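Numbering (mature numbering (1 follows the signal peptide of the UniProt record, and there is no 0)) for the sequence shown: -25 to -1, 1 to 310.
Every residue gets a Cβ at the ideal spot worked out from N, C-alpha and C, and that includes glycine.
Note that the structure is predicted; figures quoted are calculated from it, not measured.
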Amino acid sequence: SLLVCGWRCSLLFVISFCLRSTVRWLIPQILTHCFSFLQVLSSSKPSSKTNSLSIAFNSVEEAKPGSVIGSVRLHDRENSEEGEVTYMVVGGTDRDGTFVVDRLTGDVYLARPLDYERDERYTLQIEVDDFSPAHPSSTLVHLDIDVEDSNDHSPQFPEDPLTIVVSESMAPGSSLYTFQATDQDGSGPNSELRYSILHQWPDTPGLLTLDSSTGILSLGQELDHEVTSNLILVVKATDSAQDVSQRRWATVRIRVLDENDNIPHFGRLFYSIEVPENLEVLPLFTMRATDKDAGESGEINYKITGEKFFYFTIWTLNDPISCPFGFACHNFRLD
């Protein structure tokens, strides 16, 4: 039969589905329901020319579904004789039903959680029909809803823990690394990050500097692998939110590579020994040099120069100087 708006403005249908099997003991009976909502609109539109109106709301990102964020109510009726005013969404950018407008009151409800990072603004086109017998009218309301970002994301470092490898020969002032943490909050203070060194081991004042705004880690003093071969840092990234800020930490290890920057040293500048002539071949003297470099850079090779007759040789295993041949009384200088 025909639907009449005066009978009921909305109808709710409950549809049941039942699946039955011919073999009842094998497959049980399955029953499910779904709901359908039907809104009945009046077919008698106001005859006057449609007006246009723009309204803007702000809604915070943390607003809870079900809350009223505003109203587009244009008229207040003291009694029912003045006619009914209805509100209906007829267009806009809200495709997933984030907002619902009450048909009779014009109140705008939040139906789904807001996410500033997904949608910063919604636009609704709401048709307001005034069925007043004296002055019927129709108004198209353009409603803009701006979502205010809340500081609901903390900074994230792309790598944690992080290892940085540098050479001990790097000059002071050189850039070692640039930290680039990200914050998924929208533009503005909620996503503007500042960096600081929370802890440093060993704690050598002035050895490292960290630019708080750019995240550039620079060398403040000369490095020495023999003094410090590893450094451990805890770097903190904090957003610039005006209320409660979010922060995140990252652990950083700096490995200082050794360079061949030290020369070997003997224990003395001059050695003098006396041995009898006609001595058989045997070790005469053991001398050692030291090199503060590590690895291959610290390995020492020995060589005799300035001795023309090859009376002496070096055993590299224990580094002794030996005499392979007998010799008469002479003075020898070995460089």
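- Item | Classification of residue 154 by the beta-carbon crowding that lies within 10 angstroms, buried from 16 upward | One-based indexing of the sequence shown puts residue 154 at position 179. Per the 10 Å Cβ criterion, buried.
- Query: Straight-line CA distance for residue 46 to residue 84?
  - Reply: Position 71 of the sequence shown, counting from 1, holds the residue named residue 46. Position 109 of the sequence shown, counting from 1, holds the residue named residue 84. Those two C-alpha atoms are separated by around 9 Å.
- Task: Measure the CB-CB distance between residue 152 and residue 182 and report whether it falls below 8 Å.
- Result: In the sequence shown, counting from the first residue as 1, residue 152 sits at position 177. In the sequence shown, counting from the first residue as 1, residue 182 sits at position 207. For residue 152 and residue 182, no; Cβs fall outside 8 Å.
- Buried versus exposed, by CB contacts within 10 Å (16 or more), residue 277: Taking the sequence shown and counting its residues from 1, the one referred to as residue 277 is at position 302. Label assigned to residue 277: exposed.
- Tell whether a beta-carbon distance below 8 Å holds between residue 61 and residue 49. Here the question's residue 61 lines up with position 86 in the sequence shown. Here the question's residue 49 lines up with position 74 in the sequence shown. No, these two residues do not count as a Cβ contact at 8 Å.
- CB residue 72 to CB residue 96, shorter than 8 Å? Numbered from 1 along the sequence shown, position 97 holds the residue referred to as residue 72. Numbered from 1 along the sequence shown, position 121 holds the residue referred to as residue 96. Going by C-beta atoms, residue 72 is not nearer than 8 Å to residue 96.
- Message: Does residue 240 pass the burial test, meaning 16 or more other C-beta atoms within 10 Å, or should it be called exposed?
- Response: Along the sequence shown, read from residue 1 onward, the residue named residue 240 stands at position 265. So residue 240 ends up on the exposed side.
- Item | Simplified DSSP state of residue 112, which is helix, strand or coil | Against the sequence shown, residue 112 aligns to sequence position 137. Residue 112 falls in the strand class under three-state DSSP.
- Please say whether residue 101 and residue 321 have beta carbons closer to each other than 8 Å? Outside the shown range of the chain (-25 to 310) lies residue 321, about which nothing can therefore be said.
- In the DSSP assignment, what are the bridge partners of residue 33? Translated into positions along the sequence shown, residue 33 becomes position 58. In the DSSP output, where bridge partners are listed per residue, residue 33 has 121.
- If you run the structure through DSSP and keep just helix, strand and coil, what is residue 166? By 1-based counting over the sequence shown, the position of residue 166 is 191. Reduced to three states, the DSSP call for residue 166 is helix.
- Going by C-alpha distance, which of 166, 82, 115 and 126 is nearest residue 26? Taking the first residue of the sequence shown as 1, we reach residue 26 at position 51. The shortest C-alpha separation from residue 26 is found at 115.
- Going by Cα to Cα distance, which pick from 90, 109, 89 and 130 is closest to residue 220? Taking the first residue of the sequence shown as position 1, residue 220 is located at position 245. Comparing Cα positions, the closest option is 130.
- So what's residue 262 in DSSP terms, helix, strand or just coil? Taking the sequence shown and counting its residues from 1, one reaches residue 262 at position 287. If DSSP states are grouped into helix, strand and coil, residue 262 belongs with coil.
- Message: Measuring only the C-alpha atoms, how far is residue 171 from residue 66?
- Response: As a working mapping, residue 171 is identified with position 196 in the sequence shown. As a working mapping, residue 66 is identified with position 91 in the sequence shown. So the two alpha carbons sit approximately 49 Å from each other.
- Query: Quick one: what does DSSP say residue 301 is sitting in, helix, strand or coil?
  - Reply: Looking up residue 301 in the sequence shown gives position 326. Only weak support exists for where residue 301 lies, its pLDDT of 47 falling under 50; the value from the coordinates is given anyway. Of the three classes helix, strand and coil, the one that applies to residue 301 here is coil, per DSSP.
- Cross-strand partners of residue 159 (DSSP beta bridge): Translated into the one-based positions of the sequence shown, residue 159 becomes position 184. Answer is none; residue 159 lacks a bridge partner.
- Delimiting residues of the beta strand (DSSP E) encompassing residue 74: If you number the sequence shown from 1, residue 74 lands on position 99. Element bounds for residue 74: 74 to 76.
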